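Quick note, the sequences are listed as chains G and S, same order. With the working numbering as the guide, the letters of the first sequence map in order to residues 3 to 903. With the working numbering as the guide, the letters of the second sequence map in order to residues 374 to 524. C-beta atoms are modelled at their ideal positions from N, C-alpha and C, and glycine is treated no differently. Please read all numbers here as calculations on a predicted model, not as lab measurements.
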Amino acid sequence: MAAAAGLAAGRFLEGPHGMERTLFGFIWRYSKRDQVLLLVMTGLSFPFLYVSLELPKTIINEAIGGENLPGDLFGVSVDQIQYLFVLSGLFLALVCVNGAFKYVVNVFRGQLGERMLRRLRYLLYGRVLRFPLGRFRRTSQGEIIQMITAEVEPLGGFVGDSIALPAFQGGTLLTILIFMFVQDWMLGLAAISLYPIQAYMIPKLQRRVNELGKERVRTVRQLSERIGESISAIEEIHANDGARWALANVAERLGVIFDIRYEIYRRKFLIKFLNNFIAQLTPFLFYAIGGWLVIRGDLTFGALVAVLAAYKDLSAPWKELLGYYQRLADARIKYDQVVEQFDPAGTMPAELQFAELPDDVSLVGPFVGSNVTLLDEDGEAEVESLSVTIEPGAKVALVGPSGSGTDSATMLLARLLFPDRGGLSIAGTSLAELPETVTGRRIGYVGPAPHLFNASLRANILMGAMHRPVGPAHDRDTPAGQRRRAAAAASGNSTDDTAADWVDLAAVGVGTDAELEARLMQLLGRVDLDDDVYGFGLRSVIDPDEWPGLAEQVVGARRRLRERLREEGVAELVEAFDETTYNTNASVAENLLFGTPVGRAFALDHIAQHPHVRHVLDKTGLVNDFARIGRDVAMTMVELFADLPPDHEYFSQYSFISAEDLPTYQVLLGRAERLGLDGLDAEDRDRLVSLPFKLIPARHRLGMITPEIQDRILQARRVFTEDLPDGLRGAVAFFSSDRYNAAATLQDNILFGKVIHGRADAQAEVGRLLAEVIDGERLRDAVLGIGIGFEAGIAGTRLTAAQRQKIALARTLLRRPDVLILNQATGALDPASQARVMTAVFAEARHRTVIWSLQRAGLAPMFDRILVFSGNRVVEDGDFEHLKARGGVFASLIEEEKAGG
Amino acid sequence: MSLNQEVELLKNIPLFSRIATSRLKLLAFTSERLDWDASQTLFRQGDDGDAAYIIMEGSAAVLIETDAGEVEVARLRRGDVVGEIAILCDVPRTATVRATEALTTLRVTKETFFRLVTEFPEVAIEIMRELAARLERTNAQLREALGTGGG
């Protein structure tokens, strides 16, 4: 069962011989049935086409010309008019039938093309996952993405057309030509008289276009590589003022692409011109020869009209055929280039990635390396003749100066790299023969800069135990689900459902989802990340509906915190939100709003511009006070910041006015001096009125928000709520002491106020009581559960390097591998945290093998055995005391570290 | 206490007496004013230093930890600056400072402090003078200690 499920993804990848070398090989292998079906449909359409060509002649000659009128049809007598209408009706029906054929064939062709495109992209992506790691040093991300996304796109369209189009258009062409020859062989000859010229010239011109096309593909790929490189190196570009060089570089590439594309256009249009010209020449022959034949009476007038009508239809398939020829050449180039790029030596066979072995495979056993040698691209040894036996359960440290081979050695042991010579075996099985389904589950590897996916911390950790779907597809029994799977299977794609349950509880060693949660929390503690996650949780805004009961608990904690603050005699450390008092530790904007903005309407940084806020200020008369206070703020800011350089960090940290706006305000203040505040125009007043909103009396200590103004703002607070239009009701979540505020963070909900400014240790003291209350109210697990939902950001950039390493460790520990291989996996942690994490990892892996490449020899005493690398070989092997006493490489490493501090 | 009162206070401190009012105002505006209760600790010997403190009101004791427990080596009063050694030399705090009564300080961050010293040589000289005086005091104490020990 397990084996079959595993093959579901692998089976569709590709056959035993790897990728098809030629485009038509690929097309035939994966779509022969559909192509044959298309051919049959196409073949069926030709008789109808022929009849639709024949009919106009009969209509003109018999129905209109009145020759050979049948008198009766199928036993019903008809006159000439009726006969004309019957024939015309028949013609109309044939038009419909031909159109329907075209429609059905086109749709089918489009579907086939899209399927094949989907398959090709899937195949290529599958191959990327099996590239030897060294490949990624030479191929840039940009190139690979460009190839899979953009370059193969036209291939999809072509595949649908590859066999059916020449058959259909060629057949159409042939049908029309046969019809013409049947009417008159001379007219037929005239129609095709110029084809040899076209058939000779076009390919010649086309060949050069193809070469240019090849070149274009290559240059565009280089361009995307260059752009990708700039994005990765963006810090260096800024730090070294390299923008101009980068631009020049890209401009050069764009120039080359321009030249190529322009050349292609010129040649393509030349080809088009020739084709059109020749197509226009042929009617000349018809009029001349056909007219002559009609006049002589060798050809009926109806036949000439029909031939002319048929010729009109002839040019379309001929053009299509020529176009097909161009696209064929293009598609072949693309396919060859893509195959070449995606078939590097050393690509892992699909079976090695997907073959499922029985569930109870374990890698508990001695880990033996004999004469393992790894070569780099230049044939230099990165690891040389590594021979070692590691007993199960051993704790082994790899130590050595940088570049000594420890890095590659760990990757060899984790089977991320394959040795060039020698072999590794584990529990008696050759490591090279084990599929990734075993190595990637039973061996754990964490590198120095692990990658985090753009998902929650939770998803990032669970990824360690998500190897295959363990539950049914979420849409197993729905028609939509069946359609989804059928469509995927038809394109050779994986039918696995990403929404199914993928977490292998057995691998984690738990039985239920609740136990999994508990284990996740335990792991967070193990990797010393629980405090960070707790912080994330507190700063999260949650949807109370997703956490039933939590809102009430939080409001309870709010009351409890208030009590505790009072009991400790430090109630004044938090200035609570109170509808009837002004909060001097909150900004004017927050005081006016008395709630948390929802959406952008009342966002605190531009609340001053909102018409409703202006209405409130006008109604309460505060607008004049705000203009006056705004003027005072502006004067203070000008006084404080005017002679700082514009890029000074104080502007962003402290100033109410940005460096760019400061001169404007200087001029404005001059005008205010001359004209008085009332003399200013509306725009100037608006600028001043917007300034006081950021003032926090307790923090800024400017003495501008006097008690009198505070009372007026309280008044305005009431007006704000009373006059708030219905459409804006949802834009503020008002503070209410006994209700959960769904727009505010958990922490703000519990605090329900502001930690006061100007009191030493207020933050720490309140934080301590907050933590105590959260523990007391049994909220800690919920906060952690929310915090683990924190989004890591692109490549985990919302986390620090140390946090990323910790998540990666948790990810690997989660599935309890038999062998744990760590490659400087805690290098970014501070020493105290590192010691805690190392101890915890040892505790987690008590009976398992741990192989740890250490960044400092001084961390080695915890290990039973130390392998010392130097010059890509193991030069010393023993325990800490033994090696230190020996006075060799290890002892000198220890000495150097001491000297370096 | 408003910003302007703080500036008035700063003006009366010898260290800042020669600095323009607008500059002092910027110093006060970019620094955090902190109130401390008696016996609250500003920082501990051995902590990492990230800020210096200007005593605006009240007093504090400078304590050195010895085997025999904490020994008070100086008393700080209004106008004194403390904590600058750790940020100037990038070393851990060399002493513990604890409020002896209700205390008000301005907390000057490392960045602001460096800015002040580099822009106003007179502040740098005042700080040098103060440090030299402290060194001289320490030397005297050392001489005394050695003298007592030797005699």
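Candidates G/Y264, G/R782, G/D820 and G/Q836: closest to G/V211 by CA position: G/Y264
Exposure of G/W294, with buried meaning 16 or more beta-carbon neighbours within 10 Å: exposed
Selected residue, minimal CA-CA separation from G/G244, among G/E231, G/R255 and G/L256: G/E231
Near-chain S residues of the segment 763 to 789 of chain G (beta-carbon distance less than 8 Å), N- to C-terminal order: D763
Residues from the segment 687 to 705 of chain G in contact with chain S, defined by Cβ distance under 7 Å: Per Cβ criterion, the list reads R703, L704 and G705.
C-beta contact flag for G/L693 and G/A636 at 9 Å: yes
Per DSSP, cross-strand counterpart(s) of G/N825: G/S855
Secondary structure of G/L119, DSSP reduced to three states: DSSP places G/L119 in the helix class (H, G or I) of the three-state scheme.
Simplified DSSP assignment, three categories, for G/G371: Of the three classes helix, strand and coil, the one that applies to G/G371 here is strand, per DSSP.
Contact set between G/L642 and chain S, taken where Cβ atoms lie within less than 7 Å: S395, K398, L399 and F402
Per-residue burial, G/K59 [other beta carbons within 10 Å of its own, 16 or more giving buried]: buried
Cβ neighbour criterion (16 or more within 10 Å) applied to G/Q355: buried
Stretch pair the segment 433 to 453 of chain G + the segment 811 to 828 of chain G: three plus CB contacts closer than 8 Å: Short answer: they touch.
Proximity test, Cβ basis, 9 Å: G/H617 and chain S: no
Own chain partners of G/A399 with C-beta closer than 6 Å, once the 5 adjacent residues on each side are dropped: If we look at G/A399 and ignore the five residues flanking it on each side, its Cβ neighbours are W854, L856, A862, F865 and I868.
Exposed unless 16 or more other CB atoms sit within 10 angstroms - verdict on G/Y202: exposed
Cutoff 9 Å: S/Q418 Cβ touching any chain G Cβ: no
Exposure label - G/Y584; buried when at least 16 CB within 10 Å: buried
CB contact check: S/Q514 to chain G, cutoff 9 Å: no
CA nearest to the CA of G/L820, picked from G/L324, G/T375, G/R269 and G/G511: According to the sequence displayed, residue 820 of chain G carries Asp and not Leu. Considering only alpha carbons, the answer is G/G511.
S/F416 and S/R466 closer than 9 Å at C-beta: yes
Neighbour flag for S/R406 against chain G, beta carbons, 9 Å: S/R406 counts as touching chain G.
Test item: CB-CB of G/V876 and G/A745 under 9 Å: no
DSSP three-state assignment for G/L175, whether helix, strand or coil: helix
Where the beta strand (DSSP E) through G/D879 begins and ends: Looking at the DSSP string, the run of the beta strand (DSSP E) that includes G/D879 is R875 to G880.
Reduced DSSP secondary structure (H/G/I, E/B, other) of G/E254: In the structure shown, G/E254 sits in a helix (DSSP, three-state: H, G or I).
Buried versus exposed, by CB contacts within 10 Å (16 or more), S/T469: buried
Helix, strand or coil at G/P599 according to DSSP, with G and I counted as helix: strand
Host beta strand (DSSP E) of S/F416 (start-end): Residues T414 to F416.
Short Cβ contact (9 Å threshold) for G/V374 with G/L388: yes
Through-space distance from S/T394 to G/A644, alpha-carbon basis: Those two C-alpha atoms are separated by around 14 Å.
Members of the segment 651 to 683 of chain G near chain S, C-beta cut-off 7 Å: Those residues of the segment 651 to 683 of chain G that come within reach of chain S (Cβ to Cβ, closer than 7 Å) are Y652 and Y656.
Distance between G/L125 and G/D509 (C-alpha atoms, nearest Å): For the sequence presented, residue 509 of chain G should be read as Ala rather than Asp. Near 29 Å, if we compare the C-alpha coordinates of G/L125 and G/A509.
Residue closest to G/A610, alpha-carbon to alpha-carbon, out of G/R541, G/V556, G/I544 and G/V691: The shortest Cα separation from G/A610 among G/R541, G/V556, G/I544 and G/V691 belongs to G/V691.
Sequence-distant residues of its chain with Cβ nearer than 8 Å to G/G829 (five each side left out): P450, Q807 and Q857
Below-9 Å beta-carbon distance, G/R633 vs any chain S residue: no
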